[in-house]
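Novice:
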Amino acid sequence: MISVPRWLLMALAAMFSGYHVVLGVSSLSTDVTASPWPIIVALVLYAVATVLSLWPARRARMPDWLAALDLAVGIVLPVLVTSQLDPSADNGYATWYVAAVGTLMTIAAARRQLVVAWAGVIVLAVQTVVWAGPLALGQLGVIGSLVWVGIAHMLSAALAGAARATRRYAQAEREAAAWQAAQDAHLFEGRMRLAQTQRLASPML
Numbered sequence: 042m043i044s045v046p047r048w049l050l051m052a053l054a055a056m057f058s059g060y061h062v063v064l065g066v067s068s069l070s071t072d073v074t075a076s077p078w079p080i081i082v083a084l085v086l087y088a089v090a091t092v093l094s095l096w097p098a099r100r101a102r103m104p105d106w107l108a109a110l111d112l113a114v115g116i117v118l119p120v121l122v123t124s125q126l127d128p129s130a131d132n133g134y135a136t137w138y139v140a141a142v143g144t145l146m147t148i149a150a151a152r153r154q155l156v157v158a159w160a161g162v163i164v165l166a167v168q169t170v171v172w173a174g175p176l177a178l179g180q181l182g183v184i185g186s187l188v189w190v191g192i193a194h195m196l197s198a199a200l201a202g203a204a205r206a207t208r209r210y211a212q213a214e215r216e217a218a219a220w221q222a223a224q225d226a227h228l229f230e231g232r233m234r235l236a237q238t239q240r241l242a243s244p245m246l
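Going by my numbering, the residue at position 34 of the sequence shown is 75; the numbering climbs one at a time, nothing skipped.
(1) Quick one: which unbroken alpha helix (DSSP H) runs of 4-plus residues sit fully inside the stretch 66 to 152? Chain order, please.
(2) Identify, in the order they occur along the chain, each residue of the same chain with its Cβ nearer than 8 Å to the Cβ of Leu118, setting aside the five sequence neighbours on each side.
(3) Residue range of the alpha helix (DSSP H) that Leu178 falls in?
(4) How would you label Pro128, buried or exposed, when you count the other beta carbons within 10 angstroms and need 16 or more for buried?
(5) Which of the three DSSP states, helix, strand or coil, is assigned to Gly59?
(6) Helix, strand or coil for Met42? Go by DSSP, reduced to three states.
(7) Within 10 Å of its beta-carbon, does Asp72 have 16 or more other beta-carbons around it, so buried, or fewer, so exposed?
(8) Trp189 to Val156, Cα distance in whole Å?
(9) Verify whether the separation of the beta carbon atoms of Val183 and Ala166 is less than 8 Å.
(10) For Ala75, I'd like the list of residues in its chain whose CB is within less than 6 Å of its CB, leaving aside the five on either flank, ordered along the chain.
(11) Quick check: what's the CA-CA separation for Ala158 versus Ala130?
(12) Judging by CA-CA distance, which residue of Ala198, Gly115 and Tyr134 is the nearest neighbour of Gly161?
(13) Over what stretch of residues does the alpha helix (DSSP H) that includes Gly161 continue unbroken?
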C-alpha cells in the first residue's frame, strides 16, 4: 500500500490554511467590510487554532480540548465575519471564512475527531442559510467544505480499518509463531525421550 508521509499532509494543510489567511488579510483593503477589527480577531483565532491543530504530536488523534477549541473557532468565525458583511452584496474574498472553517474541520476529521468535524460544517451550513439563504450554500462554497470533511471521514475510517487489520494480522502471526515453537518443542522432547529409551534398551537386546 502506498503511504503518504505525514509531514507532507501537514505541509499541504498549512499551505491551504495560510492561503485563507492571505485572502482574509486582502479583504481588509476592500470596502465590503463595515469594520476591520472583527475580521482581524477572526484571522488571529483561525491562525492559532490551525497552528495548534497542525503542531506535530505523537498521537494521531487530536486531543479533545483542541477539538473543542477548533469547534468553537469554527462557530465564532462566521459570526464575526458576516457581522461586517452585507449578504446581498458581492463580498468576494471577504467570505474566506467558509473555506477556512472547512479546512479546520477537515483537519479535525483527519485527526479522528469526526463528530466535531461534522458538527462544525453543519453549524457553518445553518449559519450560512440563516445569513444569506440556501442558495449561498453553493455560492459561498459551503457544499465544498461538506465534501472535504466527508472525504477526510472516509479516509480516516479506511486508515483506522487498515490499522486494525494490521494489528490483527500481527497478533495472528505471533500466535502462529508461538504454536509452531510449541510443536517444535514437543517434537524435540519426543525425539530426546526416544533416544534415551533406545540407549537404555540397547544393552538388554
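No residue lacks a Cβ here, since even glycine has one placed at the ideal position from N, Cα and C.
This one's a predicted model, so the numbers in the text were calculated from it and none came from an experiment.
Specialist: Reading from the atomic positions:
(1) 78 to 95, 105 to 123 and 137 to 151, all fully within the stretch 66 to 152.
(2) For the purposes of this step, residue 118 is identified with residue 77 of the sequence shown, where counting begins at 1. If the five residues before and after Leu118 are omitted, its C-beta is found closer than 8 Å to the C-beta atoms of Ala83, Leu86, Tyr87, Tyr138, Ala141 and Val142, all from its own chain and listed in chain order.
(3) If you number the sequence shown from 1, residue 178 lands on position 137. Here the alpha helix (DSSP H) through Leu178 covers Ala177 to Gln180.
(4) For this step, residue 128 is matched to residue 87 along the sequence shown. Pro128 is exposed by the Cβ-count criterion.
(5) As a working mapping, residue 59 is identified with position 18 in the sequence shown. Gly59 falls in the helix class under three-state DSSP.
(6) Looking up residue 42 in the sequence shown gives position 1. With a pLDDT of only 47 at Met42, under the threshold of 50, the placement of this residue in the model should not be trusted; the figure read from the coordinates follows. Correct three-state label for Met42: coil.
(7) Looking up residue 72 in the sequence shown gives position 31. Per the 10 Å Cβ criterion, exposed.
(8) Here residue 189 refers to the residue found at position 148 when the sequence shown is read from its first residue. Here residue 156 refers to the residue found at position 115 when the sequence shown is read from its first residue. Their backbone Cα atoms lie some 14 Å apart in a straight line.
(9) By 1-based counting over the sequence shown, the position of residue 183 is 142. By 1-based counting over the sequence shown, the position of residue 166 is 125. Taking 8 Å as the Cβ cut-off, Val183 and Ala166 qualify as a contacting pair.
(10) Position 34 of the sequence shown, counted from the first residue, corresponds to residue 75. Only Gln125 meet the Cβ criterion.
(11) Position 117 of the sequence shown, counted from the first residue, corresponds to residue 158. Position 89 of the sequence shown, counted from the first residue, corresponds to residue 130. Whole-angstrom Cα-Cα distance: 29 Å.
(12) Residue numbering aside, residue 161 sits at position 120 when the sequence shown is read from its first letter. Among Ala198, Gly115 and Tyr134, the Cα nearest to that of Gly161 belongs to Gly115.
(13) Counted from its first residue, the sequence shown places residue 161 at position 120. From DSSP, the alpha helix (DSSP H) with Gly161 extends over Leu155 to Ala173.
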